[in-house]
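Structure first, then comments.
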Amino acid sequence: RNASLISNYGGMILGTLSEENAVRLLLESMKRQGWTESGEDRKDGAAVGVARRLGCFPLAITEAAHYIASREDKGLSDFIADYEQNELAHAISNPPSKNKAAEDRPFKLSIVWNMSYSSLTTDQQTLLNTISFFDPTGIPLDLISTGATKARGVGSETLEFLKNSQRFRRCK
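Sequential numbering of the sequence shown, starting at 83, is according to this note's numbering.
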């Protein structure tokens, strides 16, 4: 967001990808998550349509890949309709921004993130909400399970799924 921070903290500015590389990133990211390409996805332009709709922006492409791969009931071609439905809901619930740069983008990353979040199971959302308070470099599993045990001791059931190792493994 602020290129002047790079000189102080390090990092790099990521631009957009070429359309061909964006499509390749989308399809490869989806394959890594277990999705299988039907062949029609390249031919019918669905992958190209997704890449274009997201402005060939790498972070948006990888988030979209996660969303698409996690939705067994829908295909790649359904993403744009889902995105536009979420975009409409976002526009209704959020007033227009005064940030002209954000308004000029062909997509809103927050919409893609919200779509990915909503595709998670309730257990996955609960776990993500819990670990968001911790240091992202390493969260000891015993810390979470000890906290869940203490929470259950005072009547909280939100982390109940941690007692079942099979349900917990599905959250990964």
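Glycine included, every Cβ here is placed at the ideal spot set by N, Cα and C.
Where residue i falls, given that 16 or more other Cβ within 10 Å makes a residue buried
i, result
"Leu136", "buried"
"Met94", "exposed"
"Ala85", "exposed"
"Ser214", "exposed"
"Leu209", "buried"
"Tyr91", "exposed"
"Tyr149", "buried"
Beta-carbon proximity list for residue i, same chain, < 8 Å, skipping 5 on both sides
i, result
"Glu101", "Val130, Ala133, Arg134 and Cys138"
Beta-carbon gap between residue i and residue j smaller than 8 Å
i, j, result
"Leu141", "Leu191", "yes"
"Ser159", "Ala128", "yes"
"Ser201", "Ser152", "yes"
"Ala147", "Met112", "yes"
"Leu99", "Leu109", "no"
Rounded Cβ spacing between residue i and residue j (contact assumed at less than 8 Å)
i, j, result
"Ala104", "Ile162", "Not really, about 14 Å apart at Cβ, beyond 8 Å."
Beta-carbon proximity list for residue i, same chain, < 7 Å, skipping 5 on both sides
i, result
"Glu145", "Val194, Trp195 and Ser198"
Neighbourhood of residue i by C-beta, 6 Å cutoff - its chain only, sequence neighbours within 5 removed
i, result
"Lys125", "Residue confidence is low: Lys125 scores 49 on pLDDT, short of 50, so the model does not pin down where it sits. Its coordinate-derived value is still stated next. Nothing meets the Cβ criterion."
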